[in-house]
Amino acid sequence: MIYAYIFVMAGVTYLIRMLPLTLVQKKITNVYVRSFLYYIPYACLTAMTFPAVLYAASSPIAAFCGFIMAVFMGLRKKSLIVVALSACTVVFLVERIVEFL
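Read left to right, the sequence shown gives residues 21 to 121 (my numbering).
Following this line, the structure appears as structure tokens:
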């Protein structure tokens with residue numbers, strides 16, 4: 021029975037990747053469809069990453085503070101390493117404060 025599950029999963033995965041290539045032969049010119057397809061990778065990445073951000077720390081308060089710091093630094097156009105280090109520092113400090121209380 022496990023092999024049936026594997027074959028179904030492989031078939032569905034193949035169809036998801038193959039159907040757009042066979043059904044859409046010409047270039048997509050519709051502005052709305054193009055903008056929708058442009059933002060799909062960002063939406064999927066956000067949907068996978070955001071829950072992990074909130075549950076990565078031992079305290080949800082620390083995770084949220086780190087997230088806010090990362091957003092703040094990102095909006096200030098800082099580099100990726102600066103954003104990551106500042107968010108990690110805030111999470112570390114808030115976890116120590118919560119642990120102390």
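Cβ coordinates follow ideal geometry from the N, Cα and C atoms, glycine included.
Exposed or buried, residue i, counting other C-beta atoms within 10 Å across all chains shown (16 or more means buried)?
i: Gly86; result: buried
i: Val44; result: exposed
i: Ala90; result: buried
i: Met38; result: exposed
i: Ala30; result: exposed
i: Met68; result: exposed
i: Ala63; result: exposed
i: Ala107; result: buried
Tell me, to the nearest whole angstrom, how far the beta carbon of residue i is from that of residue j; I am working on the premise that it is less than 8 Å.
i: Tyr75; j: Ala83; result: 7 Å
i: Ala77; j: Glu119; result: Contact doesn't hold; Cβ gap of about 11 Å is too wide.
If you reduce the DSSP assignment to three classes, tell me which class residue i lands in.
i: Ile117; result: helix
i: Met21; result: coil
i: Ala83; result: helix
i: Ala107; result: helix
i: Val32; result: helix
i: Arg96; result: coil
i: Val73; result: helix
i: Thr42; result: helix
i: Lys78; result: Here residue 78 turns out to be Ser, not Lys, going by the sequence shown. Reduced to three states, the DSSP call for Ser78 is coil.
i: Ile48; result: coil
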